[in-house]
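Novice:
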Amino acid sequence: MKPRPFKQVDVFTATPYLGNPLAVVLDGSGLDDAAMQRFAQWTNLSETTFLLPPTEPTADYRVRIFTPGGELPFAGHPTIGSCHAWLQAGGKPKAAGRVVQQCAAGLVPLRLEGERLAFSAPPLKRSAPSPTLLAKVAGALGLKAQQIVAAQVLDNGPVWFGLLLSDADTVLRLVPDHRMLKELGVKAGVAGVPGAEGSSMLIGRSNREARAFGGKAQAAEGGGQKIDLEVRAFAAPIGVEEDPVTGSLNAGLAEWLIADGHMPARYVAAQGQCLGRAGRVYIERDSDGMVWVGGDAVTCIDGQVTL
8 MKPRPFKQVD VFTATPYLGN PLAVVLDGSG LDDAAMQRFA QWTNLSETTF
58 LLPPTEPTAD YRVRIFTPGG ELPFAGHPTI GSCHAWLQAG GKPKAAGRVV
108 QQCAAGLVPL RLEGERLAFS APPLKRSAPS PTLLAKVAGA LGLKAQQIVA
158 AQVLDNGPVW FGLLLSDADT VLRLVPDHRM LKELGVKAGV AGVPGAEGSS
208 MLIGRSNREA RAFGGKAQAA EGGGQKIDLE VRAFAAPIGV EEDPVTGSLN
258 AGLAEWLIAD GHMPARYVAA QGQCLGRAGR VYIERDSDGM VWVGGDAVTC
308 IDGQVTL
């Protein structure tokens, strides 16, 4: 065991403690799978990452991503958080304004948008769920058939059961049966579009929660900002009942919902309100059809860890 540089960063927020925390071990060399998994279980965060030298010549660094329950080939908030930590620790991209991350899912480009980072959504495989599974997932979420607008199984490394619901309030009111979702082996991502009145209500609720957790008006990140989509992520099969803000899910939702005409090419998603967070995910499909998933990140803990 030896001291290793370490950061804990908050992702999809510019205000500490309102996003999704990520533990980043900046030097994972010499650690075996068991040691990485043990530390990820100990941090008890939704994800912990370990940075390593790249093995692909075009990559700037390599990352391994662990949940408390296992390793992921790709995840969104660890991608933005790890890149933020790498840059802050002195990492120098091979190409100006662009970082290439190597992970088990392949190479993931990121672009720098001022202080914000955005990654290109990985290739998405999607399919219609079976009616039987859809009914079981709806039951685990406490949903009626008429509350579901559309459903897709989304696979961009992680696999999410995506549901577009009738409105954002329905999303916020959900009280899932996490044990049933775990038995089904389903990670469920739900989304709903706020109505005109709902948008104001949701922003007000977000501001109140943000002030309660952050103390100042600035803590209500995006206060007054129009929220276009409300998102929640339930991931009991990997040991996370509800994830505060989820990049992979938002990436898959964006590719699906934009392609099928449910959402515009540029929008802002909110996630985490039911956990007292105020996460913001900035989605944009560019002129080439590439979907970019953007977010801020801020370092909350900076030091060493003995591993």
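Just remember that the working numbering sits 7 ahead of the position in the sequence shown, which is counted from 1. Ideal Cβ placement from N, Cα and C applies to all residues, glycine included.
Between the Cα of Gly76 and the Cα atoms of Glu63, Cys281 and Asp40, which residue gives the shortest distance?
Specialist: Counted from its first residue, the sequence shown places residue 76 at position 69. Per the Cα distances, Asp40.
Novice: Can you tell me which of Val247, Pro130 and Gln44 puts its alpha carbon nearest to the alpha carbon of Leu260?
Specialist: Along the sequence shown, read from residue 1 onward, the residue named residue 260 stands at position 253. When only C-alpha atoms are compared, the closest one is Pro130.
Novice: When every heavy atom of the ligand SAM is checked, does at least one fall within less than 7 Å of the C-beta of Ala125?
Specialist: As far as ligands go, the structure on display features none, and thus does not contain the ligand SAM.
Novice: Determine the direct distance from the alpha carbon of Lys101 to that of Arg71, and round the result to whole angstroms.
Specialist: Within the sequence shown, the letter at position 64 stands for residue 71. Within the sequence shown, the letter at position 94 stands for residue 101. Cα to Cα, the separation comes out at about 20 Å.
Novice: Of all the options Thr74, Glu248, Val298 and Leu172, which has the alpha carbon lying nearest to the alpha carbon of Gly279?
Specialist: The residue given as residue 279 occupies position 272 in the sequence shown. Of the listed residues, the one whose Cα sits closest to Gly279 is Glu248.
Novice: Is the number of C-beta pairs between the stretch 96-115 and the stretch 233-252 that are closer than 8 Å three or more?
Specialist: Touching, no.
Novice: State the Cα-Cα distance for the pair Leu94 and Gly310, rounded to the nearest angstrom.
Specialist: Position 87 of the sequence shown holds residue 94. Position 303 of the sequence shown holds residue 310. When rounded, the distance between both Cα atoms is 15 Å.
Novice: Within a Cβ cutoff of 6 Å, which residues of the same chain sit near Ala158, ignoring the five residues on either side of it in sequence?
Specialist: Numbered from its first residue, the sequence shown carries residue 158 at position 151. For Ala158, where only same-chain residues beyond five positions count, the Cβ hits under 6 Å are Pro136, Leu141 and Leu170.
Novice: Would you kindly report the start and end of the unbroken beta strand (DSSP E) that includes Asp162?
Specialist: On the sequence shown, residue 162 is found 155 positions in, with the first residue counted as 1. That run of the beta strand (DSSP E) goes Ile155 to Asp162.
Novice: Mind checking who Leu236 pairs with in its DSSP beta bridge?
Specialist: Indexing the sequence shown from 1 puts residue 236 at position 229. In the DSSP output, where bridge partners are listed per residue, Leu236 has Ala276.
Novice: If you pair each beta-carbon of the stretch 56-64 with each one of the stretch 26-45, do three or more pairs fall below 8 Å?
Specialist: Enough Cβ pairs lie closer than 8 Å, so yes.
Novice: Using DSSP bridges, identify the partner residues of Pro116.
Specialist: Position 109 of the sequence shown, counted from the first residue, corresponds to residue 116. According to DSSP, Pro116 bridges with Val107.
Novice: Taking the alpha carbon of Ser89 as the reference point, which residue from Leu124, Pro64 and Thr65 has its own alpha carbon closest?
Specialist: Reading the sequence shown from its first residue, position 82 is the one you call residue 89. Checked all of Leu124, Pro64 and Thr65; the closest Cα to Ser89 is Leu124.
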